[in-house]
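Student:
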Amino acid sequence: AKNDQEKQVYIVYMGALPARVDYMPMSHHTSILREVTGESSIESRLVRNYKRSFNGFAAWLTESERQILTNMENIVSVFPSKTLKLQ
Amino acid sequence: TTASWDFVGLKRGKRAKRNPSIESDTIIGVIDSGIYPLSDSFSDRGFGPPPKKWKGVCHGGKHFPCNNKVIGARNYTPKIKGIPHSVMDNMGHGSHTASTAAGNAVKDVSFYGLANGTARGGVPAARIAVYKVCDPGIKGCTSDGILSAFDDAIADNVDLITISIGDEKGLRFEEDTIAIGAFHAMVKGILTVNSAGNNGPELSTVTSVAPWIFTVGASDTNRAFVTKAVLGDGKTVVGRSVNTFDLKGTKYPIVYGKSASSNCDSASAGLCSPGCLDRKLVRGKIVLCDSAQNVEEAKYMGAIASIARSSLADAAYVFSFPVSVLSAPAYNDVLSYMNSTKNPIAAVLKSETIFNQKVPVIASYSSRGPNPIIPDILKPDITAPGSEIIAAYSPTVPPSISDTRHVKYSILSGTSMSCPHVAGVAAYVKSFHPRWSPSMIQSAIMTTAWAVNASTLMPEFAYGAGHVNPLAAVHPGLVYEANKSDHIAFLCGLSYTGKNLRLISGESCSCTKAQSKFLPRDLNYPSMTAKVPARKPFKVTFRRTVTNVGTSNTTYKAKVVGSKLDVKVIPNVLSLKSMHDKKSFKVTVSGKGLRAGKLVVSSQLIWSDGFHFVRSPIVVYAAN
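So the sequence lines, in the order shown, correspond to chains A and B. Using the numbering used here, you'd call the opening residue of the first sequence number 3 and step up by one each time. Using the numbering used here, you'd call the opening residue of the second sequence number 1425 and step up by one each time.
1. Leaving out five residues before and five after residue 1513 of chain B in sequence, what residues of the same chain have Cβ atoms less than 6 Å from its Cβ?
2. Distance, Cα to Cα, residue 1829 of chain B vs residue 1537 of chain B?
3. If we count the other Cβ atoms within 10 Å of its Cβ and call it buried at 16 or more, is residue 2047 of chain B buried or exposed?
4. Going along chain B, which residues have a C-beta under 9 Å from residue 10 of chain A?
5. Going along the chain, which residues of the stretch 1823–1841 of chain B sit with their C-beta nearer than 7 Å to a C-beta in chain A?
6. By alpha-carbon positions, which one of A:19, A:35, A:41, A:7 ends up nearest to residue 1578 of chain B?
7. May I ask which residues mark the beginning and end of the alpha helix (DSSP H) holding residue 1763 of chain B?
8. In whole angstroms, what is the alpha-carbon distance linking residue 1676 of chain B and residue 1785 of chain B?
9. With the cut-off set at 8 Å, would you say residue 2027 of chain B and residue 50 of chain A are in Cβ contact?
10. At 9 Å on the CB atoms, spell out the chain A contacts of residue 1515 of chain B, in chain order.
11. Using 8 Å as the Cβ pair cut-off and three pairs as the minimum, do the stretch 2030–2038 of chain B and the stretch 1961–1976 of chain B touch?
12. Using DSSP's beta-bridge definition, name the partner residues of residue 1978 of chain B.
13. Starting from residue 1941 of chain B, trace the alpha helix (DSSP H) both ways and give me its first and last residue.
14. Just reading off the beta strand (DSSP E) that residue 1809 of chain B is part of, what are its end residues?
15. What residue from B:1560, B:1699, B:1446, B:1584 has the CA that sits closest to residue 1549 of chain B's CA?
16. Quickly, what does DSSP pair residue 1430 of chain B with across the bridge? List them, please.
17. Look at the alpha carbon of residue 1610 of chain B and the alpha carbon of residue 1574 of chain B, and state the distance between them as a whole number of angstroms.
18. For residue 89 of chain A, which beta-bridge partners are listed by DSSP?
19. Measure from the alpha carbon of residue 1441 of chain B to the alpha carbon of each residue in B:1591, B:1849, B:1795, then state which is nearest.
20. Which residues in the same chain as residue 1759 of chain B place their Cβ atom closer than 8 Å to its Cβ, once the five residues preceding and following it in sequence are excluded?
21. Relative to the C-alpha of residue 44 of chain A, which residue among A:33, A:11, A:24 is closest?
22. Quick one: which residues of the stretch 17–37 of chain A get their C-beta closer than 8 Å to a C-beta of chain B? List them in chain order.
23. Report buried or exposed for residue 1551 of chain B, applying the criterion of at least 16 other Cβ atoms within 10 angstroms of its Cβ.
24. Since residue 1839 of chain B and residue 1619 of chain B are thought to touch, with beta carbons under 8 Å apart, how far apart are those beta carbons, to the nearest angstrom?
25. Of all the CB atoms in chain A, is at least one closer than 8 Å to the CB of residue 1588 of chain B?
26. Does residue 1598 of chain B get closer than 8 Å to chain A when you measure Cβ to Cβ?
27. Going along chain B in order, which residues have a C-beta closer than 8 Å to the C-beta of residue 39 of chain A?
28. Report yes if the CB atom of residue 1926 of chain B is closer than 8 Å to the CB atom of residue 1948 of chain B, and no otherwise.
29. State the DSSP-derived secondary structure class of residue 1442 of chain B, mapped to helix, strand or coil.
30. Along chain A, which residues have their Cβ under 7 Å away from the Cβ of residue 1579 of chain B?
31. Taking any Cβ of chain A, which residues in the stretch 1672–1689 of chain B have a Cβ under 8 Å from it, in chain order?
32. Quick check for students: name the residue ranges of the beta strand (DSSP E) that lie wholly in the stretch 1877–1937 of chain B, counting only runs of 3 or more.
33. First and last residue of the beta strand (DSSP E) that includes residue 2008 of chain B?
34. Any idea if residue 3 of chain A is buried or exposed, counting beta-carbon neighbours within 10 angstroms, 16 or more meaning buried?
35. Hey, does residue 1575 of chain B have any beta-carbon neighbour from chain A nearer than 8 Å?
36. Give me the DSSP bridge partner(s) of residue 1585 of chain B.
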């Protein structure tokens, strides 16, 4: 079993970008990360944002943080980033 | 690509009809290992400025020059200390796929004389936008980077995305990075073309499973590279490799890996496994290896050449020293010669090119259906040349393991190579029909594919709709369209309900009762597939709608060929008044129980108005 405090990069997929013009994906991602990690500074956690064509982010998370995110209302799926292969 | 485009019928220069101004406005997004921008394949001589619609950037890193051919570059690989963070291609793969899709026509290309000809892409006038997600430093391609590449490519306004990357197996959509990215691309009218995977010939190995992705299998062409070995008794055996090392026909002693080891069991030694060969026993000789996997080990130990065995020796690969890869029967011939004489000798010759105009044969490595995630969606969709393709490469990268050579063009094999062929064809079709949606382009290419009668087991799971036929794809006559709402209904049928559906679709919709009952096989897909219980009589129905893109006032009649199935098409005559007129029909397929040994039956539905032939495979198979 993975040590619960061990972190790995997870992709947090949130679906399509909300149509609202005042929606700011990056601040939304930051507030989600702060909420789930309990840390005010999330720079060391955040790997990248998905913000131009659809919604989501990639971040260093623990297994228990992943589970919290999975149950959040505006999150479709949370899954580990993997190394894919050229074919 | 010096032979494959002629092979599929897309001749060079004026011999193929083109729409130069629109083709030049087409932008192909290549999500791969970067690009070698100094290649002649990517020169921008004769190119005007990037198309107005282009919204991307050139963030290739220091000393990475974009131009009017390579108009965009973005890097998603992590910064690694001491390694320049650049979109420069450190694997050769990205240059190869980009030039296959949209490389300039470059004359007199060869790999040390082999595969000589004009290297070119499917749409030489198109532009290339590079999204680098793979690098040797990360031993592959990170999926979080791939998703970011889709996020940018879609917003940068590319017309089409080609991605020759995959996972080890098919995944559920909400965890499949390429499926997620491709879904949002489809919503924005961008077709994603993806390689099927190289885990064939086993069944259900296709890794690109979503219906909104165009999945490509690999076949060979009419050109192949063979490497002969001449044995001491005068017998010649013919193997596969791309061998440009000329030993002048000199014969050298042969030693079997099994008997050239002092510290490994005979099986490992026979395979020339790392650390198993004894330098004193192999130096200056030709080493026989039971697998082509580790032949470099023989080279490290001072071997002159190697003769290896492969059960799937149907594609030639580049090695860093003289190698000939034999099928099992030929390999056994060498073994029996060795057992017949005290001092066996042989010569490994330079490779020769053989041409034989024949129907394309699926490559053994090409991943197969049935679709492991959505049984009623046939994958791969289409097949294109993937074996022994010469295309641009990166001179900074050796063309094979422990190779000291540096080449601008190299020969690769894989569904990575067939994928950009179809991307090139899709861009070619789109240059004649710029407003066609992704599903219309995919349909046009699938329903006009060459039918392939194959001896391979369950050919439908190997070839999909058949082999790509670019010239016919421009005039498909009818197309099967599936837009965002069709795919939403499809997802409802897969019980993507409530929150997930709302978020993915970006609409506050949830599934209607009817949508929740939607069957995947009723997605308006250009092929029809159903998985049925084994040994039970079955009766399945497919609902389809075709859109007229041929001529106004036309009548199509249905014909079913290869009917091991009882197929009824209602109605079987469609009268289409105007362009973009739509007509629906139902296909009912029934049959007796499918049993082991006959687990798949297929037919083809062909709608024809006497000029267009709109062909769809109908495949029914039993859950084994």
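Note that beta-carbon positions come from the ideal geometry of N, C-alpha and C, so glycine has one too. Computed from a predicted structure; not experimentally measured.
Tutor: For this structure:
1. Reading the second sequence from its first residue, position 89 is the one you call residue 1513 of chain B. Excluding positions up to five away in sequence, the list reads 1457, 1458, 1459, 1460, 1519, 1818.
2. Numbered from its first residue, the second sequence carries residue 1829 of chain B at position 405. Numbered from its first residue, the second sequence carries residue 1537 of chain B at position 113. Answer to the nearest angstrom: the Cα atoms are 14 Å apart.
3. Here residue 2047 of chain B refers to the residue found at position 623 of the second sequence. Residue 2047 of chain B comes out exposed.
4. Counting from 1 along the first sequence, the entry for residue 10 of chain A is found at position 8. Those within 9 Å of residue 10 of chain A in chain B number zero; the least Cβ separation is about 11 Å.
5. 1838, 1839, 1840
6. Within the second sequence, numbered from 1, the residue matching residue 1578 of chain B stands at position 154. Considering only alpha carbons, the answer is A:19.
7. Your numbering for residue 1763 of chain B matches position 339 in the second sequence. Residue 1763 of chain B -> alpha helix (DSSP H) spans 1752–1764.
8. If you number the second sequence from 1, residue 1676 of chain B lands on position 252. If you number the second sequence from 1, residue 1785 of chain B lands on position 361. Residue 1676 of chain B and residue 1785 of chain B: Cα-Cα distance of roughly 35 Å.
9. The residue you call residue 2027 of chain B lines up with position 603 of the second sequence. The residue you call residue 50 of chain A lines up with position 48 of the first sequence. Contact: no.
10. Translated into the one-based positions of the second sequence, residue 1515 of chain B becomes position 91. By Cβ distance, chain A contributes 88.
11. yes
12. Here residue 1978 of chain B refers to the residue found at position 554 of the second sequence. Note: residue 1978 of chain B sits in a beta bridge opposite B:2000.
13. For this step, residue 1941 of chain B is matched to residue 517 along the second sequence. Per DSSP, residue 1941 of chain B belongs to no alpha helix (DSSP H) and is neither H nor E.
14. Indexing the second sequence from 1 puts residue 1809 of chain B at position 385. First-last of the beta strand (DSSP E) with residue 1809 of chain B: 1806–1809.
15. Working through the second sequence from its first residue, we reach residue 1549 of chain B at position 125. It is B:1446 whose Cα lies nearest to the Cα of residue 1549 of chain B.
16. Walking along the second sequence from the start, residue 1430 of chain B turns up at place 6. Note: residue 1430 of chain B sits in no beta bridge, so no partner.
17. Residue numbering aside, residue 1610 of chain B sits at position 186 when the second sequence is read from its first letter. Residue numbering aside, residue 1574 of chain B sits at position 150 when the second sequence is read from its first letter. So the alpha carbons of these two residues sit roughly 11 Å apart.
18. Counted from its first residue, the first sequence places residue 89 of chain A at position 87. DSSP lists no partner for residue 89 of chain A.
19. To locate residue 1441 of chain B, count along the second sequence from 1; it is residue 17. Comparing Cα positions, the closest option is B:1849.
20. Reading the second sequence from its first residue, position 335 is the one you call residue 1759 of chain B. The answer, listed in chain order, is 1680, 1712.
21. Here residue 44 of chain A refers to the residue found at position 42 of the first sequence. Closest by alpha carbon: A:33.
22. 17, 18, 19, 20, 21
23. Within the second sequence, the letter at position 127 stands for residue 1551 of chain B. Under this definition residue 1551 of chain B is a buried residue.
24. As a working note, residue 1839 of chain B is residue 415 in the second sequence. As a working note, residue 1619 of chain B is residue 195 in the second sequence. Residue 1839 of chain B to residue 1619 of chain B, Cβ: 4 Å. Contact.
25. Here residue 1588 of chain B is taken as the residue at index 164 of the second sequence, counted from 1. Output row for residue 1588 of chain B: interface = yes.
26. Position 174 of the second sequence, counted from the first residue, corresponds to residue 1598 of chain B. Judged by the 8 Å Cβ criterion, residue 1598 of chain B is in contact with chain A.
27. The residue you call residue 39 of chain A lines up with position 37 of the first sequence. Ordered by position in chain B, no residue passes the 8 Å Cβ test against residue 39 of chain A, which lies about 18 Å from the chain.
28. By one-based count along the second sequence, residue 1926 of chain B stands at place 502. By one-based count along the second sequence, residue 1948 of chain B stands at place 524. No, the pair does not count as a contact, with Cβ atoms beyond the cut-off.
29. If you number the second sequence from 1, residue 1442 of chain B lands on position 18. Of the three classes helix, strand and coil, the one that applies to residue 1442 of chain B here is coil, per DSSP.
30. Along the second sequence, one-based indexing puts residue 1579 of chain B at 155. 54, 55, listed in chain order.
31. none
32. 1902–1904
33. Start at 1 with the first residue of the second sequence, and residue 2008 of chain B comes out as number 584. Run containing residue 2008 of chain B: 2006–2015, per the beta strand (DSSP E) assignment.
34. In the first sequence, residue 3 of chain A corresponds to position 1, counting from 1. Confidence at residue 3 of chain A is low in this model, with a pLDDT of 45, below 50, so the placement of that residue should be treated as unreliable; the coordinate-derived value is given next. Classification of residue 3 of chain A: exposed, given that the 10 Å Cβ count is below 16.
35. Counting from 1 along the second sequence, the entry for residue 1575 of chain B is found at position 151. Interface residue, yes.
36. Here residue 1585 of chain B corresponds to residue number 161 of the second sequence, with the count starting at 1. Answer is B:1453, B:1616, bridged to residue 1585 of chain B.
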